[in-house]
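Shown next, in structure tokens, is the structure this report addresses.
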Amino acid sequence: MDAQAGLAPPLRPPPVRGAAGGRIRQENQAMILRAAEHVFARAGFAGATMAEIAMRAGVPKSNLHYYFRTKQALYRAVLAHTLHLWLSEADVIREELPPQVALEQYIRAKMRLSASHPDASRVFANELLHGAPEIGEVLRHALRELVSRKAAVVQQWIDRGQMAPVDPQHLFFTIWAATQTYADFESQVCAVLGVSRLKPQDYAHATEHVVVMLLRGCGLAPVPLA
Numbered sequence: 001m002d003a004q005a006g007l008a009p010p011l012r013p014p015p016v017r018g019a020a021g022g023r024i025r026q027e028n029q030a031m032i033l034r035a036a037e038h039v040f041a042r043a044g045f046a047g048a049t050m051a052e053i054a055m056r057a058g059v060p061k062s063n064l065h066y067y068f069r070t071k072q073a074l075y076r077a078v079l080a081h082t083l084h085l086w087l088s089e090a091d092v093i094r095e096e097l098p099p100q101v102a103l104e105q106y107i108r109a110k111m112r113l114s115a116s117h118p119d120a121s122r123v124f125a126n127e128l129l130h131g132a133p134e135i136g137e138v139l140r141h142a143l144r145e146l147v148s149r150k151a152a153v154v155q156q157w158i159d160r161g162q163m164a165p166v167d168p169q170h171l172f173f174t175i176w177a178a179t180q181t182y183a184d185f186e187s188q189v190c191a192v193l194g195v196s197r198l199k200p201q202d203y204a205h206a207t208e209h210v211v212v213m214l215l216r217g218c219g220l221a222p223v224p225l226a
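The sequence shown begins at 1 in the UniProt record's numbering and counts up by one.
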């Protein structure tokens with residue numbers, strides 16, 4: 001699925017010849033996106049500046065505009081990239097897999113994304129809090145269609161008696177809320193735990209808790225570790 005469906009047409013830089021040029025372009029774009037995630041997560045769209053993002057990325061502002069001509073284009077690229085990461089992880093939810101295997105893998109993947117891309121998650125959450133003006137069409141089409149397909153898989157598991165009867169769509173809402181809270185509300189989690197920031201061991205502990213809690217709510221037991 002193309003996570004950028006519904007967004008304004010992306011602004012592309014002039015073509016770069018050769019495999020090496022393509023690789024460099026991808027690396028530069030990835031570096032710029034991570035810098036933009038950091039700045040947008042803290043300043044919001046209105047407060048962020050291309051100059052600050054360029055400084056964070058360690059590139060001249062002219063180079064930044066070479067890849068993303070406007071701040072809005074860069075902001076949309078951050079949202080599209082984040083949604084693409086989230087949507088791709090849902091591929092594991094397949095009818096032929098046992099529900100406890102598929103759901104556990106999905107939950108663990110979502111927790112890994114919260115740990116590895118917390119700023120991206122916060123940018124996306126802030127976009128939703130403002131009514132999703134830039135990505136609303138994607139949510140109403142691509143995301144809705146994906147959840148519809150995956151909810152149908154969950155319903156099949158329920159109909160076969162493989163898991164407890166739960167609302168399939170609301171199950172996804174619950175998984176998203178439980179996993180993304182560690183990124184979106186990290187300051188709150190840190191305040192309660194008495195730490196300055198979440199470390200890998202904190203995420204490992206939280207992941208086991210979320211996996212067990214959500215699977216038990218579905219009448220499932222976690223898959224024993226080999």
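Backbone N, C-alpha and C define an ideal beta-carbon position, used for all residues, glycine too.
Reference residue i, options the options, closest by Cα
| i | options | result |
| --- | --- | --- |
| F68 | F40, L103, I32 | I32 |
| V59 | R108, R25, G194 | R25 |
| V123 | S187, G22, Y75 | Y75 |
| W176 | Q162, T207, A51 | T207 |
| C218 | W157, Q180, D184 | W157 |
| A152 | A73, L83, A46, P99 | P99 |
| R144 | V166, F172, V189, R160 | F172 |
Where residue i falls, given that 16 or more other Cβ within 10 Å makes a residue buried
| i | result |
| --- | --- |
| T70 | exposed |
| residue 227 | No answer is possible for residue 227: it lies beyond the span of the chain, which begins at 1 and ends at 226. |
| S62 | exposed |
| D184 | buried |
| E27 | exposed |
| R199 | Note on residue identity: the sequence assigns Lys, not Arg, to residue 199. Counting Cβ neighbours within 10 Å, K199 comes out exposed, since fewer than 16 surround it. |
| P118 | buried |
Whole-angstrom C-beta distance between residue j and residue i, which should lie under 8 Å
| i | j | result |
| --- | --- | --- |
| V210 | I107 | 6 Å |
| A120 | V78 | 7 Å |
| A90 | K150 | 6 Å |
Residue i - DSSP class collapsed to helix/strand/coil
| i | result |
| --- | --- |
| residue 248 | Residue 248 falls outside the range modelled here, since the chain spans only 1 to 226, and no answer is possible. |
| G219 | coil |
| T49 | coil |
| F68 | coil |
| G58 | coil |
Query raised in the report: Which residue spans inside the region 120–197 form an unbroken alpha helix (DSSP H) run of at least 4?
Result: Fully enclosed alpha helix (DSSP H) runs of 4 or longer: 144–159, 168–184, 186–193.
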